[in-house]
Amino acid sequence: MNRPTTWTGFASVAARGLGLRPSLRPVVYKPVRNGPIKQYHSQIESVKSSEERKAARSSTSLRRVALEAQRSQSIIQRRGTRAHINPENAIRDVTAYCAAETYNLARAKQLMERNNFVVDPFNTSLYPQVLHVQLSTREAQQRDEGDIFIFPSGSVVTWNVTEELARRVVEQILPGAAENGHLKTLEAEDLEYVEDPTRDTSKIVGETIILGTKATKDAETAGDEQVPQKHGADVVLTKIAFSSALARSTKLAVLENLLSDYFATTRSIPSTLSAGSKLPFNRKFILQKTGQLLSLRAQLNLYSELTDALPDMFWDSPHELGLEGYYEQVGRALDVGSRINVLNERMDYASEIARVLRERLSEKHSNELEWLIIGLIAIEVLFECLKLWKEIGVSQQTQATDA
């Protein structure tokens with residue numbers, strides 16, 4: 056790099072020749088404004104400003120992440136090794152109802168639309184595997200009314216819906232679409248949930264669902280007009296995953312109650328057999344109990360997805376949403392797997408009782424046939440005896456006449 060040229064000596068001599076007082080301040084020649092030195096300094100300043108912007112942006116991102124982590128930690132608090140939900144957060148209800156053996160979703164869709172509900176507002180395209188509805192009135196939107204999910208297994212799951220509205224749907228609207236409804240033995244289960252806008256994933260802490268409502272990367276990369284729709288659909292799919300597992304637990308509770316009622320009517324059989332007494336049951340009762348047990352076992356293992364590891368509706372869902380994980384989390388929280396095993400074991404015991412009843416019915420039927428055969432033989436012997444007696448009487452009369 057060229058050094059600036061100093062003209063101090065030449066200026067002093069010229070000043071003395073003209074009779075002027077020489078200036079002692081050196082005159083420094085400065086290169087052209089747009090020369091290499093100025094460009095060099097400009098490059099350095101641009102690099103510094105770029106690094107400063109990156110540092111500022113990085114610090115802002117780190118600050119945002121820290122705030123989100125702090126907010127998330129404020130929702131989930133820990134005491135030792137156990138985690139619990141901060142009670143200061145807005146905790147809402149998730150309630151599952153089971154009031155029928157099955158629902159005809161096509162009929163249920165018509166009934167819900169007739170009662171001013173919007174069907175599948177986020178276009179999840181999961182109908183007819185599940186029916187998602189919301190209220191369309193402005194008053195409901197102002198009250199922040201939530202979602203209602205109707206499953207063909209006879210269950211309804213509500214998110215942030217008042218009990219009055221939920222009861223109206225289950226007890227007044229949907230009975231027209233129910234098959235083998237049982238409103239008198241309505242089963243309900245409750246969970247709680249908290250919305251966390253700093254998370255794009257969800258989890259369960261105890262019996263509370265932490266619902267992550269932050270937009271996923273796929274939703275963020277969508278068009279500006281599609282972002283709210285895509286984000287809302289992702290949240291709804293997450294709710295469906297949790298709802299499906301909760302509906303499964305509620306349906307299982309119905310079967311558990313039905314099996315308990317079954318055992319209540321057959322409780323005296325083991326004690327009666329151990330006492331060596333005669334079973335006071337007729338053929339109709341035995342066949343009825345056998346049919347009830349077969350129906351319960353079919354509802355558990357054949358006609359529903361209770362024993363499936365994952366419902367069919369989730370096979371085509373985006374893997375990054377992790378819906379199968381949410382489904383499994385609820386199953387573990389509510390001990391669904393162990394309850395299914397216990398229910399099957401109890402049904403095996405009930406099958407043994409039904410087998411004893413069938414054997415008793417078969418034995419009774421065999422005894423009746425044996426006595427019937429004995430009676431027929433006795434009648435045949437009686438007729439033969441009467442015939443022989445008549446023959447003897449005729450023979451005696453003939454001998455008397457001949458004599």
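Per this note's numbering, residue 56 is the first one in the sequence shown, and the count goes up by one each step. Just so you know, even glycine gets a beta-carbon here, dropped at the ideal spot from N, CA and C.
Sheet register partners of residue i (DSSP bridge)
i	result
Ser210	Cys153, Phe206
Lys294	Beta-bridge pairing links Lys294 to no other residue.
Val411	According to DSSP, which records beta bridges pairwise, Val411 is partnered with nothing at all.
Asp390	Paired residues: none, contrary to the question.
Thr263	Glu247, Val260
Gln189	Val173
Tyr381	Answer is none; Tyr381 lacks a bridge partner.
Gly236	Ala155
Glu242	Cys153
Backbone secondary structure at residue i - three-state DSSP
i	result
Val174	strand
Leu166	helix
Val216	coil
Val449	helix
Glu360	coil
Arg147	strand
Leu181	coil
Thr268	coil
Ala308	helix
Residue i classed as buried or exposed, judged by whether at least 16 other C-beta atoms fall within 10 angstroms
i	result
Phe318	exposed
Gly380	exposed
Arg303	buried
Cys461	Here the chain covers residues 56 to 458 and nothing more, so residue 461 does not appear.
Ser359	buried
Leu427	exposed
Contact set for residue i: own chain, Cβ-Cβ below 6 Å, skip 5 residues either direction
i	result
Asn337	none
Gln384	Ile259
Arg415	Leu334
Glu123	A caution first: Glu123 carries a pLDDT of 46, below 50, which makes its placement in the model unreliable, though a value can still be read off. Hits under 6 Å: Thr253.
Tyr404	none
Of the listed residues the options, nearest to residue i (C-alpha basis)
i	options	result
Val211	Phe297, Arg413, Leu424	Phe297
Leu292	Trp214, Ala243, Thr305	Trp214
Glu362	Pro373, Lys344, Asp390	The question names Glu, yet the displayed sequence has Thr at residue 362. Comparing Cα-Cα distances from Thr362 to each of Pro373, Lys344, Asp390, the minimum goes to Asp390.
Asn396	Ser406, Met368, Leu355	Leu355
Thr320	Gln343, Leu307, Val309	Gln343
Arg413	Ile341, Val436, Glu379, Ser180	Ile341
Phe369	Ala161, Leu160, Thr179	Thr179
Ala145	Asp403, Asp251, Val309, Leu441	Asp251
His237	Arg223, Ala300, Glu311, Ala154	Ala154
Residues of its chain near residue i, where Cβ-Cβ distance is below 8 Å and the 5 sequence neighbours each way are ignored
i	result
Val174	Lys164, Met167, Glu168, Tyr182, Leu186, His187, Val188
Lys294	Asp202, Phe204, Trp214, Leu266
Leu378	Leu292, Thr293, Ile295, Ala296, Phe369, Ser372
Glu247	Ile140, Ile146, Arg147, Asp148, Val149, Glu262, Thr263, Ile264
Leu328	Leu334, Val411
Beta carbon proximity, residue i to chain D, threshold 9 Å
i	result
Leu342	Protein chains in the displayed structure number just one, and chain D is not present.
Close-in-space but distant-in-sequence residues of the same chain around residue i (CB under 7 Å, 5 per side omitted)
i	result
Arg401	Leu314
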